[in-house]
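Reading through the structure tokens given below for one structure.
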Amino acid sequence: METRHTIGEVSRRLRLVDYLGDMMPELGSKSATKKALRAKRIQINGRPASGAEYVKQGDQITLSSASHDSIKAYEIDIPVLYEDDDMIVVNKPAGIATNGNRYKTVENAIVGKFKPSLRADALARPIAAHRLDVPTRGLLIMAKSRKALMNLGDSFARKRIQKTYHAIVHETPPATGRVETDVDDKSALTHYAVVRSVPSRNYKSLALVALRPQTGRTHQIRIHMASIGHPIVGDKMYVGRQHTIFGKGVYLAATGLELPHPIEARRVSVEMGLPPKFSRLLDREEARSK
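Reminder that position 12 of the sequence shown reads as 5 in the numbering used here, one-by-one numbering, no gaps.
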């Protein structure tokens, strides 16, 4: 099977290898794009592509599927929270990548754990329609057919998919707020609301916050909460000088999704509970402070 993509408006000079890693979910990363280029699976305007060339509006990209034999399952538990012929929503564990040129990914872990799609354009395995950071756990949408993958990408681009996250942050921010600062020179907006706040002997206070990002920049929530002085507990990358908890992972989870179904005329809503370690941390710190 092949996936086709037409390059839209390009605001700056981009090499093909940099463009495709972000724009084609089937690839998932720059390293995976390079691997596909070496395998001659990518064509541009009907000829073999070179990663070094620059893209321009109107270019036609064709990506050939990898051999089914090259798909090696990664054995780890992946809870499935929703599934039909077109999409699947899984609870991604913390500590593994969504996809890309590596073995420990959600896309490899889902091999053999899903019901084959009956669609004519069914994919060999579900492909992630978006990404979660490696340390982030929670709800991840995966497409099971090519049309579903395309339509999910369109829904993300049109901001028709609402994602909810929960995080535990250092000290307690105002009850509600919005953070609107650029991430990687691109506009970014996150709304948040405090759900619970507890005193802490070691950290002054900790707060459970619900977050709704309105844009999908890399590390957006982590950067935004750190930028207002409330970094996420356990986030080595953005915690700065704040004393935090290391060795327990980042206290951030994608907990809710609401989206138009990629094929059928209906909406899909999926929610999951807080990871147990969130409540354990808050209960422990509150008890110790007394």
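For every residue, glycine included, the Cβ atom is placed at its ideal position computed from N, Cα and C. As the structure is a computational prediction, the values presented were derived from the model and not from experiment.
Candidates the options: closest to residue i by CA position
i	options	result
Q50	G105, I0, G39	I0
G240	D228, P206, S262	D228
R112	V191, D79, V73, A122	D79
I89	E68, V73, T165	E68
S282	L199, Y244, M218, I238	L199
S57	R234, K97, T(-4)	T(-4)
K156	G170, L133, A141	L133
T55	L13, A150, A45, Y75	L13
Q235	L252, E164, F271	E164
L74	G249, V3, Q213	G249
For residue i: DSSP bridge partner residues
i	result
T98	A90
E76	I81
A115	S138
Q53	T(-1)
P41	Q36
I225	V162
R8	Y47
Whole-Å CB distance - residue i paired with residue j, under 8 Å assumed
i	j	result
K137	I81	6 Å
P268	A247	About 11 Å; that fails the 8 Å criterion.
R215	Y231	5 Å
H223	P166	5 Å
L125	K85	5 Å
Y47	R6	6 Å
A122	G146	6 Å
Check whether residue i and residue j have beta carbons under 7 Å apart
i	j	result
A160	V187	no
S220	T183	no
E278	S190	no
D114	R139	yes
G44	L9	yes
P128	V226	no
A181	R210	yes
K33	I71	no
A66	V104	yes
Start-end ranges of the beta strand (DSSP E) lying completely within the region 231 to 271, minimum 3 residues:
245 to 253, 260 to 264
3-residue-minimum beta strand (DSSP E) runs that sit fully inside the region 171 to 219, ordered along the chain:
183 to 193, 197 to 206
Quick one: complete alpha helix (DSSP H) runs, 4+ long, within the region 117 to 178?
139 to 150
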